[in-house]
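Here is the structure we will look at, set down as structure tokens.
In our numbering, the protein residues as written are 504 to 928.
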């Protein structure tokens, strides 16, 4: 995988040199241009919405036509890398910050600080806008957000003798709840996803610094870092979390929750749609509380963004469309279709985010809790060079400690050594 990643990087760099990082070309007066817009797995569920926004944009901008291409989630990284390498990149692409930063690392994306005026930039949540920064350049425009909440099965809480109106608020409280639920019901309280960025986000919430300020060295080999590793090791070795945490991710947590095998689902409210479809009785028993956090008090938000590759011959039009689809009005409309949150701060003033309807559903309640904490949430893991290698390294070290192959201290030290080597590349 490292060799493949290296070869892809060479291909990308070569393509950028050959193309000379094509300068933007705007349409001549009266001439219609076409921009290509890639999203990740939004069709067919959101066809009406996306097509509607495109139609509105084209009506306001008759000289611009938008071609929408939807890409399966699992294929996006491979497809856009190949497209950039072959100089066939889309004009606008929907990516998360960590993957977009791989292209930003190669200087393959337009700097939005130069393309978007200050007044427009200031409409977005400041911390979310800054999360798209790499080498002091902003590589993307925030689109939609998800702020994790604590969704929990009140029936299991009652069965365990716990207060169904008082979910855990901290990781220490969560550990105590896990013991009680396992002892009283034989079920698991929660499934800590150790895939994607979840582990790194949890470390930050536990007041662990990942790197030094200039991101050249690991900074987690500290008492706080070791304590964080011990938290997961103790849970696993005491059989307080499912064995599958070492091999499966967030999807397994949803499956177990809707099967009534898990008391807590720590996730974005949008995943309750799946619970509603597959397990309406579980949804009926579900309540929501604020995101569980650590001693830092920090809460995480996940962001999806829009980027414009430098290869685009229509950069101005691509940025114009990106700003349009992410404006407050369009974001609120999208958020009312699926329980996500807007990246434009003023959009939160819409009653949809702060007033419950009559006879609210658990999904309505989760949305309000999520929106309430958004202003105090942030993207906790910034874009980092060689991010995938860093993530894999620390995950593997923690897994080894959980399996008893090394102590938490040894695992943290191993991860620190590997991070320092990776960060020095």
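Beta carbons are placed, not taken as given, at the ideal position from N, Cα and C, and that holds for glycine.
Note that this is a predicted model, so its numbers are computed, not measured.
Counterpart residues of residue i in DSSP-defined beta bridges
| i | result |
| --- | --- |
| residue 655 | 767 and 790 |
| residue 646 | According to DSSP, which records beta bridges pairwise, residue 646 is partnered with nothing at all. |
| residue 539 | 570 |
| residue 906 | Partner(s): none; residue 906 has no beta bridge. |
| residue 556 | Bridge partners of residue 556: none, in fact. |
| residue 721 | 714 |
| residue 596 | 541 and 810 |
| residue 739 | According to DSSP, which records beta bridges pairwise, residue 739 is partnered with nothing at all. |
| residue 691 | 765 |
| residue 705 | Paired residue(s): none; residue 705 is not in a bridge. |
| residue 1003 | The displayed coordinates of the chain run from 504 to 928. Any statement about residue 1003 would go beyond what the structure contains. |
Cut-off 6 angstroms between Cβ atoms - residues of its own chain near residue i, not counting five sequence neighbours on either side
| i | result |
| --- | --- |
| residue 606 | 612 |
| residue 527 | Residue confidence for residue 527 is low, a pLDDT of 38 falling below 50, so the modelled location carries little weight and cannot support an answer. |
| residue 752 | 696 and 698 |
| residue 529 | Any reading at residue 529 needs caution, since the residue's pLDDT is 44, under 50, leaving its predicted position unreliable; the model's value is listed next. The residues are 819. |
| residue 917 | 900 |
| residue 788 | 656, 657 and 658 |
| residue 931 | Residue 931 cannot be examined here, being either before or after the span of the chain that is shown, 504 to 928. |
| residue 779 | 786 |
| residue 729 | 911, 912 and 915 |
| residue 760 | 768 |
| residue 827 | 560 |
First and last residue of the uninterrupted alpha helix (DSSP H) at residue i
| i | result |
| --- | --- |
| residue 748 | Here residue 748 belongs to no alpha helix (DSSP H), and DSSP marks it neither H nor E. |
| residue 614 | That residue, residue 614, is in no alpha helix (DSSP H); it is neither H nor E in DSSP. |
| residue 583 | 579-588 |
| residue 576 | No alpha helix (DSSP H) contains residue 576, which DSSP labels as neither H nor E. |
| residue 918 | 911-926 |
| residue 778 | 775-781 |
Residue span of the beta strand (DSSP E) that contains residue i, given as start and end
| i | result |
| --- | --- |
| residue 848 | From DSSP, residue 848 is part of no beta strand (DSSP E); its letter is neither H nor E. |
| residue 806 | 802-810 |
Beta-carbon contacts of residue i that lie in its chain and below 7 angstroms, excluding the five residues immediately before and after
| i | result |
| --- | --- |
| residue 825 | 595, 644, 809 and 811 |
| residue 797 | 673, 674, 708, 709 and 710 |
| residue 876 | 650, 793, 794 and 802 |
| residue 680 | 665, 671 and 692 |
| residue 921 | 896 |
| residue 853 | 835 |
| residue 543 | 574, 576, 579 and 597 |
| residue 556 | 828 and 833 |
| residue 702 | 897, 898 and 901 |
Neighbourhood of residue i by C-beta distance below 8 angstroms, restricted to the same chain and skipping five residues each side
| i | result |
| --- | --- |
| residue 927 | 719 |
| residue 890 | 601, 604 and 605 |
| residue 614 | 640, 641 and 642 |
| residue 879 | 802 |
| residue 866 | 772, 775, 776, 779, 786 and 842 |
| residue 860 | 867 |
| residue 572 | 539, 540, 541, 542 and 593 |
Assumed close pair residue i, residue j - CB separation to whole angstroms, cut-off 8 angstroms
| i | j | result |
| --- | --- | --- |
| residue 799 | residue 654 | Going by Cβ atoms, the distance from residue 799 to residue 654 rounds to 22 angstroms, so no, they are not a contact pair. |
| residue 451 | residue 626 | Within the shown structure, residues of the chain are numbered from 504 to 928, placing residue 451 beyond reach of any answer. |
| residue 647 | residue 840 | At roughly 11 angstroms, the Cβ-Cβ gap does not stay under 8 angstroms, so residue 647 and residue 840 are not in contact. |
| residue 667 | residue 790 | 7 angstroms |
| residue 882 | residue 634 | 4 angstroms |
| residue 652 | residue 873 | 5 angstroms |
| residue 631 | residue 846 | 5 angstroms |
| residue 694 | residue 745 | 6 angstroms |
Within-9 angstroms CB hit, residue i to chain C
| i | result |
| --- | --- |
| residue 765 | Absence of chain C from the displayed structure is noted, only one protein chain being present. |
Restricting to runs no shorter than 4 residues, where is the alpha helix (DSSP H) found entirely within the region 618-643?
621-624 and 629-633
For the region 815-895, list the alpha helix (DSSP H) runs that are entirely contained and at least 4 residues long, ordered along the chain.
818-828, 831-838 and 865-875
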